[in-house]
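Read the structure below first, then the notes.
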Amino acid sequence: MSNAVKRIGILTSGGDAPGMNAAVRAVVRTAIGQGIHCVGIRRGWNGLINSDFVRLDSSSVSHIINKGGTILYTARSEEFMTPEGRQRAVGTCKLLGLDGIVAIGGDGTFRGALELSRLGIPVVGIPATIDNDVGCTKYTIGFDTACNTCIECIDKLRDTMQSHERCSVVEVMGRRAGFLALYVGISVGATAVLIPERELNFEQDVVEKIRRARLAGNTHYMVVLAEGVGKGFYIGERIREAVGVDPRVTVLGHIQRGGAPTGRDRETASRMGYAAVMAMAQGRSNCIIGTDEGHLVEIEIEEALSMSKHLQMERYEVLEALTNTGD
Ligand code: F6P
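Quick note on numbering: the sequence shown equals residues -18 to 308 in this note's numbering.
Pasting the structure below:
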C-alpha cells in the first residue's frame, strides 16, 4: 500500500442508479481496511464546490447494500462545468486534505472527473447508470435492476392488455441509448422494440409487426420504445391511425431508477468499489473501473471517454426471430 493516500472523498453524481449505495459501502469498508479515511461528498460535484460533506465510517454504510438511491444524494452540477466551479472544488479537496476522489456515475460524471484530474486531484471512476451507455465498460451498475423493474411493470401491463385485447406502448428510459429497451423487449416478448440505434421504418418495424402478430392469432400487442426514439404518445397516435387499434401508452419514468438493487448490481458494485480503492491505495488513479467479460479492468479516463459501445445488433435479430410469428 502506498502511504501517500490517507484520506479520500467519495461522491455519487448524475442520475441515481440502484447499487450506488453498495458501491459507497464497498469504497468505505475497503478504505478503512487500507487505513484510509473516507469523506462523503454530498450532492455530486456540487458538494465539492460547496464543501458539503460528511465523515463516513464503517457504521455509516451499514444496512445500505440493499437500498436503492444514494445516501450521498446526487445532482447534475452546472457550476462544475465552469473553471471557477472546478477551482472551488480543488480548494475543498485541499481544505479537507483529500488525496483523491472516487466518483460514481456515468459519462457526465467522468467528464467532470477528467477535468478535476487535470487540476491535480487523483480520481477513480465507478460506472453507475441504468442506461448502460458508458463506452468503456460492458456493464454499468443499476442496469440489471432497472431491466427487472421494467419487466415487472410490463408483465403487469400485459395482464390488463390481454384482458382488453389492446395494444400497449411502453416508453422506457435510456437517454440516447437502447440497451434498456432492447433487453426489456426481448424479456417481455414484445411485438416490436424501437431503439435509437436503428433508424425507424414505422411501416415495417411497427405496423407490419402488429399485423403479423394479429394474423398469427394475437389479440394484444406490446410495443417497447426507448425514450431516445421519441415520445410514446406520438408513437401511440401513429399506431392508432395506421392499424386502427386503440393503444394505451405508459411512460415508466423514474420508477425505473428506484428499488432494491438486484444481486448482480450489489455484487458488481461491491467489486468495483473494492477495486477503485485498491487502485488508489496502490498509487493508480485517473482511471475508470470497467467490466470486460465479467472481469474488472482499469481504463485511463481520457481514453475511457473516447470509447464507444455499440448495442449488439444480434440481440435485435433474436427479437425479430422470436416475434415473427406473434407471441
Ligand atoms: O441517465 C439516467 C436517466 O434516468 C436517463 O435514462 C434519463 O433520460 C435521465 O436520467 C432522466 O434524468 P432526470 O432524472 O434528470 O429527469
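Even for Gly, the Cβ is constructed at its ideal location relative to N, Cα and C.
Neighbour-count burial assignment, residue i, 16 or more Cβ in a 10 Å radius
i      : result
V303   : Reading off the sequence shown, one finds Leu at residue 303, where the question assumed Val. L303 is exposed by the Cβ-count criterion.
N182   : exposed
M288   : exposed
M294   : exposed
N47    : exposed
A(-15) : exposed
S(-17) : A caution first: S(-17) carries a pLDDT of 47, below 50, which makes its placement in the model unreliable, though a value can still be read off. Counting Cβ neighbours within 10 Å, S(-17) comes out exposed, since fewer than 16 surround it.
D273   : exposed
L79    : buried
Other residues of its chain near residue i: CB distance less than 6 Å, five sequence neighbours each side excluded
i    : result
V9   : C19, L37 and V42
I216 : V150 and L206
I176 : G159, A162, L163 and A207
K290 : G116
Supposed close pair residue i, residue j - CB separation, criterion 8 Å
i     : j    : result
S(-6) : G93  : 7 Å
Q15   : A262 : 5 Å
D112  : M154 : 7 Å
R156  : D114 : 6 Å
L100  : V71  : 5 Å
G213  : E152 : 3 Å
I122  : A12  : Not quite, the Cβ-Cβ distance comes to about 18 Å (not below 8 Å), so this is no contact.
L95   : E283 : 6 Å
Chain-order list of residues whose beta-carbon lies under 7 Å from that of residue i (same chain, five-residue window excluded)
i    : result
E279 : A260, R265, C268 and I270
G240 : P(-1), G49, T126 and T130
A257 : V8, V83, V105, I107 and I270
Cβ shell of residue i (< 8 Å), same chain only, five flanking positions each side left out
i    : result
H201 : R139, M142, Q143, H145, E146, R147, C148 and S149
R296 : L163, Y164 and I167
R221 : D227 and P228
L277 : R252, M253, A256, I270 and G271
Proximity test, Cβ basis, 8 Å: residue i and chain C
i    : result
E180 : In the structure shown, chain C cannot be found, because there is only a single protein chain.
Proximity winner among the options, relative to residue i (alpha-carbon distances)
i      : options                   : result
C178   : G209, I191, V188 and T172 : Per the sequence shown, residue 178 should be read as Glu rather than Cys. Of the candidates G209, I191, V188 and T172, the one whose C-alpha sits nearest the C-alpha of E178 is G209.
D(-3)  : G81, V174, G78 and T90    : T90
F124   : T243, K(-13) and R57      : T243
I(-11) : I102, I30 and E60         : I102
K190   : A171, E180 and N27        : A171
R57    : I85, R69 and E281         : I85
E281   : V230, L233 and C117       : C117
K137   : L29, I22, T231 and G25    : T231
V224   : S98, K75, D246 and V188   : V188
Requested in this report: Can you check the stretch 209 to 245 for any alpha helix (DSSP H) of at least 4 residues that lies completely inside it and give the ranges in chain order?
Outcome: 213 to 224
Please give me, in chain order, every unbroken run of the beta strand (DSSP E) with length at least 3 that falls completely inside the stretch 165 to 193. 173 to 175
Curious, which full-length beta strand (DSSP E) runs of at least 3 residues does the stretch 262 to 302 contain?
268 to 273 and 276 to 281
Entirely within the stretch 105 to 158 and at least 3 residues each: give me those beta strand (DSSP E) ranges in chain order.
148 to 153
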